[in-house]
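**Student:** Under full-length UniProt numbering, the first residue of the sequence shown carries the number 1, and numbering increases by one thereafter.
Just so you know, even glycine gets a beta-carbon here, dropped at the ideal spot from N, CA and C.
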Amino acid sequence: MWSVMFYVPGLILFSALGVMELENCIMFIRDSMPFSDFCFMMCYIPMFVLILTEWMFIGYMLAIKYRFNLINTHLQGVPEENTTNTVNVMKFHAKSLADASKKLNGVFNLPLLLLLLNQFAAMATLLYDLCMTVVDFGQEPNERLRDIIKSGGWSMLFMLEMLALCRVCELLEVEAHLTSKSLMRLTKDGGCLNSLQLLSVLRVKITPYRLFSVDMKLFYTMFGAIATYLIVLVQFDMAQDYKQMILN
1 MWSVMFYVPG
11 LILFSALGVM
21 ELENCIMFIR
31 DSMPFSDFCF
41 MMCYIPMFVL
51 ILTEWMFIGY
61 MLAIKYRFNL
71 INTHLQGVPE
81 ENTTNTVNVM
91 KFHAKSLADA
101 SKKLNGVFNL
111 PLLLLLLNQF
121 AAMATLLYDL
131 CMTVVDFGQE
141 PNERLRDIIK
151 SGGWSMLFML
161 EMLALCRVCE
171 LLEVEAHLTS
181 KSLMRLTKDG
191 GCLNSLQLLS
201 VLRVKITPYR
211 LFSVDMKLFY
221 TMFGAIATYL
231 IVLVQFDMAQ
241 DYKQMILN
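(1) Report the three-state DSSP secondary structure of Asp237 (helix, strand or coil).
(2) To the nearest angstrom, how far is it from the Cα of Trp55 to the Cα of Leu110?
(3) Just checking my contact of Val89 with Leu183 at CB under 8 Å: how many whole Å lie between their CB atoms?
(4) Just checking my contact of Ile51 with Val168 at CB under 8 Å: how many whole Å lie between their CB atoms?
(5) What do you get for Met156, buried or exposed, if any count of 16 or more other CB atoms within 10 angstroms of its CB means buried?
(6) Determine the burial state of Asn118: buried for a count of at least 16 other Cβ atoms within 10 Å of its Cβ, exposed for fewer.
(7) So Leu163 and Phe92 are in contact, right, with Cβ under 8 Å, and what is the actual spacing, rounded?
(8) So is Pro34 buried or exposed if we call it buried at 16+ other beta carbons inside 10 Å?
(9) Does Ser101 pass the burial test, meaning 16 or more other C-beta atoms within 10 Å, or should it be called exposed?
(10) Helix or strand or just coil, what does DSSP make of Ser213?
(11) Can Phe212 be considered in contact with the ligand HEM, in the sense that its beta carbon sits closer than 6 Å to one or more heavy atoms?
(12) For Glu140, which of helix, strand or coil comes out of DSSP?
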């Protein structure tokens, strides 16, 4: 099931980005150099490397989350008597999954940080351009509508990428926490210290260089910051335009 959730949105996203990037290449490259020689190298290769890195990470996280979910499903049907062997086996598998997620977090520290910074800057720029296009009534209607659709489409794609990344990381964290709770419930000889150790071992958080956690809180925080930034900039630009109209 997780493979369907991974491949289908990935193909849709790759196709949409490919079509929209083609327009960007034609717009910015055709006047200075041959489109056929340089578009693939300058536009598509960097974009697809970035998207492929992000989607590889999401795929790894989905696979680990799915396996945590299998452990949780199995533990829910285990009776509380005579569970020592089952619990030990499930602990081993859960610790292996937690270790794998932590190692992946370490490997993808720099790509994740650069990706999140790029997404934040891109969404802020695109949404600002979208807002200024919406309030620019002096532009030709057809050209204005075209710019709105283009900026809105790019903004939506970047938002969906960020949503997928944050949502998958949060779901993995929740599944790992449920596994630790189920194992603590079934552990016979577990005291307070053992429970804390189990929680610590199975605690999964995706944190690029431990600067912040990648989850839905980050998603909402980023959009809150972008909204504040846009409100200030749009008001400032409108005030400047109004002042310029008065002076003229």
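**Tutor:** This is what the structure holds:
(1) helix
(2) 15 Å
(3) About 11 Å; that fails the 8 Å criterion.
(4) The Cβ separation is near 15 Å, so there is no contact.
(5) exposed
(6) exposed
(7) Wrong, their Cβ atoms sit about 34 Å apart, outside the cutoff.
(8) Because Pro34 sits at a pLDDT of 48, beneath the cut-off of 50, its placement in the model cannot be relied upon, and the following sentence gives the value as read from the coordinates. Burial call: exposed.
(9) buried
(10) coil
(11) By its list of ligands, the structure shown contains no ligand whatsoever, and the ligand HEM lies outside what it can speak to.
(12) coil
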